[in-house]
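Residue numbers (my numbering): 1469 to 1725.
Using N, Cα and C, we set each Cβ at its ideal position, and we do this for glycine too.
Note that the structure is a prediction, hence the values are computed from the model and not measured.
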Ligand code: CA
């Protein structure tokens, strides 16, 4: 089961309510420092020490209509990494502002973070005053946007079913149907397929797939990807030696469709 290290508070869905911030960070010292600084600013703060707990909280927030106004997101997290979490939220149509807080300082990392839908990117080590100021700016923008939305928070749309030819993937149910029959995929195979189907025809290198599906903690080599692709093809393709779904792009990697 998921456990929270700070009890959840209930929302007051009026426009004048206290802004709610979710901090997703596995380093306890940073987490506590952020909680202190943000609570001092008058925000309500909830924390999650890993990606999966954060997902649980965000899913709860959909059902009881509690909604976070801002997420501060570390990238290197246990279980579900920050990039995946960010990508998933955007894919689900969740418009919550996201500020990535990461030790990954390269331009590529920053661009990638913003490309998957983050609104701001702060590099560790960071100045707490600057971070609080950036949070305030993001919340101000969010507040201004909400002012023009008569119902307050935007509804979170249902995750659409992904379909290509005879393969159908339902993210809501984590189910895959192939030619009308349920396919029994391992979690990694499912994750690979979901990624492929979310970005049809996009070419992925093995390293990118490892990053997306296995995450930062992966130990092993890119052969792992090939093995999983082979298993996945056996479950999807009519003829795995002549694949029509997962296509090898010679010298680059794989694409779907
Ligand atoms: Ca971390």
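- Taking 8 Å as the upper bound for CB-CB distance, residue 1603 and residue 1567 are in contact here, some 7 Å apart.
- For residue 1559, the enclosing alpha helix (DSSP H) starts and ends at 1550-1559.
- The C-beta separation of residue 1714 from residue 1697 comes to about 6 Å, placing the pair in contact by the 8 Å criterion.
- Annotated as proximal: residue 1492 and residue 1550, with beta-carbon spacing under 8 Å.
- At least one heavy atom of ligand 1 sits closer than 7 Å to the Cβ of residue 1544.
- Taking all protein chains in view, the Cβ of residue 1522 is crowded by 16 or more other Cβ atoms within 10 Å, so the residue is classified as buried.
- For residue 1500, the CB stays at least 7 Å from every heavy atom of ligand 1.
- For residue 1667, there is no enclosing alpha helix (DSSP H), as DSSP marks it with neither H nor E.
- By the Cβ-count criterion, residue 1537 is buried, with 16 or more other Cβ atoms from all chains shown falling within 10 Å of its own Cβ.
- Collapsing the DSSP output to three states places residue 1494 in coil.
- The beta-carbon distance between residue 1542 and residue 1504, rounded to whole angstroms, is 17 Å. This is too long to meet the 8 Å contact definition.
- Within the region 1644-1721, the complete alpha helix (DSSP H) segments of 4 residues or longer fall at 1655-1666, 1674-1677 and 1691-1704, listed in chain order.
- Pairing residue 1553 with residue 1585 gives a Cβ-Cβ distance that is not under 8 Å.
- For residue 1486, the three-state secondary structure derived from DSSP is coil.
- Of the candidates 1495, 1704, 1591 and 1576, 1704 places its Cα closest to the Cα of residue 1651.
- For ligand 1, a non-hydrogen atom lies closer than 7 Å to the CB of residue 1495.
- Nearest Cα to residue 1527 within the set 1575, 1495, 1640 and 1547: 1640.
- Sequence-distant partners of residue 1667 (beyond 5 residues in either direction) whose C-beta falls short of 8 Å from its own C-beta, in its chain, are 1724.
- Ranked by Cα distance from residue 1689, the first of 1700, 1699, 1676 and 1662 is 1676.
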